[in-house]
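Following: one structure in structure tokens, then a few remarks.
Residue numbers (my numbering): 1 to 187.
Here you go:
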């Protein structure tokens with residue numbers, strides 16, 4: 001499993017800028033292996049289960065290396081990723097369009113992640129939210145989950161864990177879409 005640490009992110013970012021390398025490829029394959037396994041399990045033996053949706057993801061973090069690395073990994077997983085470096089920029093993106101998923105740091109300049117999350121809950125309740133923080137407070141995590149966050153990750157976190165959560169969200173959205181289509185066909 002791949003754990004995401006600030007120093008590792010800096011090295012991965014430098015390797016990516018330098019054209020990749022074995023370490024970057026190994027990090028990607030380790031992180032994407034969980035996603036591939038999840039997709040294979042979801043498809044099942046008969047192959048007629050819904051595949052996860054491609055998600056429109058807003059990724060909000062003020063650490064450039066983490067933001068860049070996560071955006072790259074999510075894009076490699078087939079998702080459309082928009083990034084924001086602070087809460088105000090994220091809010092502007094959220095006003096401009098609806099996202100399927102927002103992955104957001106709690107500690108952000110200009111507007112904190114919890115305030116952003118609460119506003120998103122009011123204005124776009126169908127958007128799933130994964131919160132991340134380096135300053136994990138159990139009470140904050142419990143409150144965020146009670147208020148409807150999909151997950152609350154403490155940095156450094158396991159990249160595979162995040163990718164599996166994103167994949168689950170994609171699967172749930174695909175299943176809801178298929179159910180709505182089947183209901184429409186029956187009526």
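C-beta atoms are modelled at their ideal positions from N, C-alpha and C, and glycine is treated no differently.
Going by C-alpha distance, which of the options is nearest residue i?
| i | options | result |
| --- | --- | --- |
| residue 66 | 52, 83, 79, 78 | 83 |
| residue 123 | 97, 55, 62 | 97 |
| residue 109 | 78, 117, 61 | 61 |
| residue 85 | 78, 77, 103, 144 | 103 |
| residue 138 | 125, 154, 129 | 154 |
| residue 79 | 89, 58, 93 | 58 |
Can you give the beta carbon distance from residue i to residue j, rounded, assuming they're within the 8 angstroms contact cut?
| i | j | result |
| --- | --- | --- |
| residue 162 | residue 127 | Residue 162 to residue 127, Cβ: 17 angstroms. No contact. |
| residue 174 | residue 52 | 6 angstroms |
| residue 87 | residue 113 | 7 angstroms |
Residue i to residue j, Cα distance in whole Å?
| i | j | result |
| --- | --- | --- |
| residue 23 | residue 152 | Annotation note: pLDDT 37 at residue 23 (below 50); position unreliable, no value reported. |
| residue 146 | residue 72 | 30 angstroms |
| residue 68 | residue 136 | 22 angstroms |
| residue 63 | residue 55 | 22 angstroms |
| residue 144 | residue 171 | 22 angstroms |
| residue 30 | residue 141 | Note on residue 30: pLDDT 47, under 50, position unreliable in the model; the coordinate value appears next. Distance between the alpha carbons of residue 30 and residue 141 is about 27 angstroms. |
| residue 106 | residue 184 | 39 angstroms |
| residue 167 | residue 119 | 24 angstroms |
| residue 182 | residue 121 | 28 angstroms |
| residue 95 | residue 186 | 35 angstroms |
| residue 169 | residue 177 | 12 angstroms |
| residue 179 | residue 111 | 37 angstroms |
| residue 125 | residue 134 | 26 angstroms |
| residue 130 | residue 70 | 13 angstroms |
| residue 81 | residue 165 | 16 angstroms |
| residue 160 | residue 93 | 27 angstroms |
| residue 43 | residue 89 | Because the pLDDT at residue 43 is just 48, under 50, the model does not fix this residue reliably, and the value given afterwards should be weighed accordingly. Roughly 37 angstroms separates the two Cα atoms. |
Inspect the beta-carbon positions of residue i and residue j and report whether they are closer than 8 angstroms.
| i | j | result |
| --- | --- | --- |
| residue 132 | residue 99 | no |
| residue 91 | residue 74 | no |
Let me check you understand the geometry: is the CB of residue i closer than 7 angstroms to at least one non-hydrogen atom of the ligand FMN?
| i | result |
| --- | --- |
| residue 90 | The ligand FMN is not part of this structure, which contains no ligands at all. |
Is there a C-beta anywhere in chain C that falls below 8 angstroms from the one on residue i?
| i | result |
| --- | --- |
| residue 112 | Although the question refers to chain C, the structure presented lacks it and comprises just one protein chain. |
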